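Asker:
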Amino acid sequence: MVEFFLRIERFTSRMALVAAVLMLVVSVTMGFYQVLTRFVFDAPSTWSEVMARSTMIWCVFLGAAASFRGGYMMAVEVIYKLVPRRRLILVESLIALCCIISLVVLIYFGTAMTWRVRSQVLSGLGISISWAYAAIPIGAGFSLLAVLARLLAQATGREPVGIADADMPSAHDRQPVAEPSLATPSEPESPAVSNSSRLTRRARS
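Heads up: the sequence shown at position 6 corresponds to 6 in UniProt numbering, and the numbers run straight through without jumps.
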């Protein structure tokens, strides 16, 4: 059951991330088009700015799901360092509870706001402004699944609890330790061999 839920969340978070990237591309393209029409062709577009703003809203709320799932949100590292490692799951549970409460509030009031403004129209596009407001409950829903999946994966031991230690050097920065040589040291020459070689050198000179 846990694995099935994590598989569903993995699919939804990946889908939200792909959609966020597409929205970012559209937003940047529309911003460039707005600048081009305003300053190059001297004929400002009436719809590209609204489209860029709306797609950027979608990009932020959809991308938040991947950030929650990977634990990339801002964290107070000193709390993780002060709490014993066996108690870190309690810290993660408290953080997840606060996130769940906030996301449930966003889903509830975001849905109500989206329904309330359904009769208003985006200027320049001629579509309902509720399409822009819908990013709030939909993005919060994806993020809620991500938070629950992260906590469940940590509680069942499928993922490490806590954040990586920033003070630990990375694998790239670690200097390799020189291994001891396996070559056997040369044995000292016996006195007889040393004297005979010394006499041979004298005879040749």
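We treat Cβ as the ideally placed atom computed from N, Cα and C, and that holds for glycine.
Computed from a predicted structure; not experimentally measured.
#1: So which of Phe68, Val105, Met56, Gly157 has the shortest CA-CA distance to Thr12?
#2: Measuring alpha carbon to alpha carbon, tell me which of Thr37, Tyr33, Trp115, Met74 ends up nearest Cys99.
#3: Out of Phe5, Ser27, Glu77, Val2, point me to the one whose CA is closest to Cys59's CA.
#4: Kindly indicate the opening and closing residues of the alpha helix (DSSP H) around Phe109.
#5: Just tell me which of Tyr33, Gly162, Phe5 has its CA closest to the CA of Arg86.
#6: For Glu92 and Lys81, I'd like the C-alpha separation in whole angstroms.
#7: Which value, in whole angstroms, describes the spacing of the CA atoms of Val18 and Ile89?
#8: CB Ile8 to CB Ala135, shorter than 9 Å?
#9: When the Cβ atoms of the segment 101 to 120 are set against those of the segment 31 to 44, are three or more pairs found closer than 8 Å?
#10: In the DSSP output, what is Val121 paired with across the bridge?
#11: Indicate whether Ile107 and Pro137 have their beta-carbon atoms separated by less than 9 Å.
#12: Considering only the alpha carbon of each residue, which of Ser54, Met30, Arg158, Arg150 lies closest to Ser130?
#13: Assign Leu144 to one of two classes, buried (16 or more other C-beta atoms within 10 Å of its C-beta) or exposed (fewer than that).
#14: For the alpha helix (DSSP H) that Pro160 lies in, which residues bound it at each end?
#15: List the whole-angstrom C-beta distance separating Ala20 from Gly63, where the pair is believed to meet the contact cut-off of C-beta under 8 Å.
Answerer: On the basis of the supplied data:
#1: Within the sequence shown, numbered from 1, the residue matching residue 12 stands at position 12. For Thr12, the closest alpha carbon among the candidates Phe68, Val105, Met56, Gly157 is that of Phe68.
#2: By one-based count along the sequence shown, residue 99 stands at place 99. When only C-alpha atoms are compared, the closest one is Met74.
#3: Taking the sequence shown and counting its residues from 1, one reaches residue 59 at position 59. Taking only the C-alpha atoms, the option nearest Cys59 is Ser27.
#4: As a position in the sequence shown, residue 109 is number 109, starting the count at 1. If you look at Phe109, you'll find it in the alpha helix (DSSP H) that goes 88 to 116.
#5: For the purposes of this step, residue 86 is identified with residue 86 of the sequence shown, where counting begins at 1. In terms of Cα proximity to Arg86, the closest of Tyr33, Gly162, Phe5 is Gly162.
#6: One-based indexing of the sequence shown puts residue 92 at position 92. One-based indexing of the sequence shown puts residue 81 at position 81. Using only the alpha carbons, I get a separation of about 13 Å.
#7: Position 18 of the sequence shown holds residue 18. Position 89 of the sequence shown holds residue 89. Approximately 30 Å between the Cα atoms of the pair.
#8: Indexing the sequence shown from 1 puts residue 8 at position 8. Indexing the sequence shown from 1 puts residue 135 at position 135. Not closer than 9 Å, so no.
#9: No, they do not touch.
#10: To locate residue 121, count along the sequence shown from 1; it is residue 121. Ser128, per the DSSP bridge assignment.
#11: What you label residue 107 is simply residue 107 of the sequence shown in a count that begins at 1. What you label residue 137 is simply residue 137 of the sequence shown in a count that begins at 1. The answer is yes: Cβ separation under 9 Å.
#12: Residue mapping note: residue 130 aligns to position 130 of the sequence shown, counting from 1. For Ser130, the closest alpha carbon among the candidates Ser54, Met30, Arg158, Arg150 is that of Ser54.
#13: As a working mapping, residue 144 is identified with position 144 in the sequence shown. With 16 or more Cβ atoms within 10 Å of its Cβ, Leu144 is classed as buried.
#14: As a first step, residue 160 must be located in the sequence shown, where it is residue number 160. First-last for Pro160: undefined, no H or E at that position.
#15: In the sequence shown, the residue the question calls residue 20 occupies position 20. In the sequence shown, the residue the question calls residue 63 occupies position 63. Sure, about 4 Å apart at Cβ, within 8 Å.
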